[in-house]
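Protein chains: 2
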Amino acid sequence: MSAIRGARERARIEVTAAIKVEARRQLAAEGAAKLSLRAVARELGMVSSALYRYFPSRDELLTALIVDAYDSVGEVAENAHRTAAPHGSAPAAHLARWVAVACAVRGWALAHPHEYALIYGSPVPGYSAPQATIAPASRVGLVLIAVVEDAHREVGLALPPLTEELRPEAERLAADLAPGLPPAVAPSIVAAWAQLFGLVSFEIFGQFDRVVEAREAFFRQAVEELGRTVGLLGTAARGTVDTAGQCAGAAGRGAER
Amino acid sequence: MSAIRGARERARIEVTAAIKVEARRQLAAEGAAKLSLRAVARELGMVSSALYRYFPSRDELLTALIVDAYDSVGEVAENAHRTAAPHGSAPAAHLARWVAVACAVRGWALAHPHEYALIYGSPVPGYSAPQATIAPASRVGLVLIAVVEDAHREVGLALPPLTEELRPEAERLAADLAPGLPPAVAPSIVAAWAQLFGLVSFEIFGQFDRVVEAREAFFRQAVEELGRTVGLLGTAARGTVDTAGQCAGAAGRGAER
DNA sequence: GTCTATAACGAGATAGAC
DNA sequence: GTCTATCTCGTTATAGAC
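Residue numbers (this note's numbering), protein chains in the order written: chain W, 1 to 257; chain Z, 258 to 514.
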């Protein structure tokens, strides 16, 4: 009895996975707006109504793809955070971890451009993201915050001035996202988060075509500066930091999945 | 004879404009991927084949919309550059101009989110941008460069260190985009350009929902810091600059068009 | 010459009866 | 689950009005 149920559930998991694989293929070919349950079913040799046993609607299938994508890039970022520059608590080591996380995100985006577009590109017309996407969507941001928290604990941060105008927002952001950090850095982190994805999006979406050529070096330099802006170098003098090793490995890990 | 030709051409211009207006309406409702010549024609009371007198293909209509959008935001940025902080050559005035241009771009994006998505969001599946889009696409970037060039000429820039690894890229970028500027700033400007649109995209595409609330103040602070990173404050000590006036007006101008 | 309308093609989506 | 009749789409050829 339970063996039968196990087999059924295994089959269900396999079919669900096959549906998502095929849906991702169509995502790449036609874009999220044209994702059609019927076409997925046809390609899998199923009939469209059978798909509804696995996903109750097209939007639910889209949601599953979006959650998977957020989880995928989030996991890559978390791995990069865990393994980068493991033996260092100097300011430079924290900056190296920041760069490693950013490079991991970029590597994932280069390896999965259509899933990247799905989550960080234009919203899909007629689709509105449900609550279930919020937690996965925040994973990369939480990793960036963790990097800054580590640096704050171990070497201190260079705090930017906090204008009176932004103080309420900064205090709310800090309370919501990083209770352990001084409010002044909260807006910097959120801004750096958005700016990091600005760099990635311009590369993935083709704005750098015919403009930037040495893209990895360019990216590494830019996110390193971003890390400085967040205050990661602490009160140390503005020096040179070698983060050349952080990108290649991280990109490789990102491409695997 | 010339009056007749004039009338014909006037009619042609009007119909062309009507087609684009309706196409933009559909862009907002269904997204660029589902833009359909037939639907545009139907809505205008024309027959679909008649549209081919005005646009030789669906992709050419898309190209026209893309060029219009780039020109629209480019013009808004150029106006902001021309009119912001007109009586100042102090470092703070250049930073204020930088912020004003950024705020103008953000204001345009908030007023035209679907056209923003068309040019700075996910690429349209199956569409590849022709040469004709390159020049309009670079207008905002050229304005940012102009702001930095002004500052360089009048008060000097705080130059970031240029690593050996990035030197060839920096020299190529400077030669291509800003022959009057020191190579070290070229990567900074390009990065700031991408990061500026990262901030705007996150706001327009909903990544700031439930995260950032005081969006204009947050944005202004972030792009001000971006301007500092580019070196706009020159060799002056890092002080406070009041750019509070730059956003509202620019956003208003952006929303007009 | 300039435009619109008709009709058609091949491809694909969709709704509903069975 | 299957089949069919009826939609959509981009695009072209052609005929005729101004």
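Note that the Cβ used here is the ideal one computed from N, Cα and C, for glycine as well.
Under the three-state DSSP convention, the category residue i falls into
i       : result
Y377(Z) : helix
L51(W)  : helix
G31(W)  : coil
A347(Z) : coil
Y127(W) : coil
T163(W) : coil
P168(W) : helix
F197(W) : helix
P279(W) : Because chain W in this structure spans residues 1 to 257, residue 279(W) falls outside the shown range and cannot be described.
G249(W) : Note that G249(W) has pLDDT 48, beneath the 50 cutoff, so the model's placement of it is unreliable and no number is given.
A415(Z) : coil
Q26(W)  : helix
D325(Z) : helix
A214(W) : coil
R463(Z) : Position check: residue 463(Z) holds Gly in this sequence, whereas Arg was assumed. Looking at G463(Z) - three-state DSSP - the assignment turns out to be coil, as it is neither helix nor strand.
H81(W)  : helix
L223(Z) : Look at the range of chain Z in this structure, 258 to 514, and you will see that residue 223(Z) is not part of it.
P393(Z) : helix
A255(W) : Model confidence at A255(W) stands at a pLDDT of 47, short of 50, so the residue's coordinates are unreliable and nothing is read from them.
D59(W)  : helix
G234(W) : coil
D433(Z) : helix
L44(W)  : coil
S293(Z) : coil
A18(W)  : helix
D150(W) : helix
H371(Z) : helix
Selected residue, minimal CA-CA separation from residue i, among the options
i       : options                            : result
I323(Z) : H369(Z), L489(Z), D466(Z)          : H369(Z)
G488(Z) : E411(Z), V381(Z), R267(Z), S458(Z) : E411(Z)
A69(W)  : R220(W), A109(W), L142(W), P160(W) : A109(W)
A93(W)  : G156(W), S122(W), G126(W)          : G156(W)
L318(Z) : G345(Z), R267(Z), A274(Z)          : A274(Z)
L490(Z) : A415(Z), F312(Z), L430(Z)          : A415(Z)
A441(Z) : R58(W), Q221(W), S89(W)            : Q221(W)
L430(Z) : L37(W), K34(W), V212(W)            : V212(W)
R315(Z) : G364(Z), R265(Z), E335(Z), Y384(Z) : Y384(Z)
P91(W)  : E171(W), A151(W), A28(W)           : A151(W)
I391(Z) : I13(W), A96(W), D209(W)            : D209(W)
C103(W) : S48(W), A84(W), S89(W)             : A84(W)
K20(W)  : R215(W), A39(W), P161(W), N79(W)   : A39(W)
A280(Z) : G364(Z), E300(Z), A268(Z)          : E300(Z)
A471(Z) : E171(W), T235(W), R215(W), G6(W)   : E171(W)
G107(W) : T229(W), P56(W), L196(W)           : L196(W)
P417(Z) : H344(Z), R265(Z), T492(Z)          : T492(Z)
Same chain, Cβ closer than 8 Å to residue i, neighbours up to 5 away in sequence not counted
i       : result
E149(W) : A178, G180, L181
L284(Z) : L292, L322, H371, E372, L375
R424(Z) : P440
Contacts around residue i, its chain only, beta-carbon distance under 7 Å, and the 5 residues preceding and following it disregarded
i       : result
A458(Z) : Note that residue 458(Z) is Ser in the sequence shown, not Ala. Cβ within range, chain order: Y377.
V15(W)  : Y54
V356(Z) : R477, V480, E481, G484, T500, Q503
M258(Z) : Confidence at M258(Z) is low in this model, with a pLDDT of 46, below 50, so the placement of that residue is unreliable and no value is reported for it.
E169(W) : P187
H338(Z) : R354, V358, V400, A403, V404
S49(W)  : none
P130(W) : T63
Distance between beta carbons of residue j and residue i, contact taken as under 8 Å
i       : j       : result
E165(W) : A474(Z) : 5 Å
T63(W)  : A132(W) : 6 Å
G198(W) : G455(Z) : 2 Å
T229(W) : T486(Z) : 6 Å
Contact set for residue i: own chain, Cβ-Cβ below 6 Å, skip 5 residues either direction
i       : result
E115(W) : A69
R139(W) : G74
A289(Z) : L375, V381
L308(Z) : L294, A298
D71(W)  : P136
A77(W)  : V101, A104, V105, V140, V143
Any chance the region 137-147 of chain W sits against the region 183-193 of chain W, with 3 or more Cβ pairs inside 8 Å? In short, these stretches touch, since the Cβ pair count reaches three.
Is the region 119-139 of chain W close to the region 454-470 of chain Z, with three or more CB pairs under 8 Å? yes
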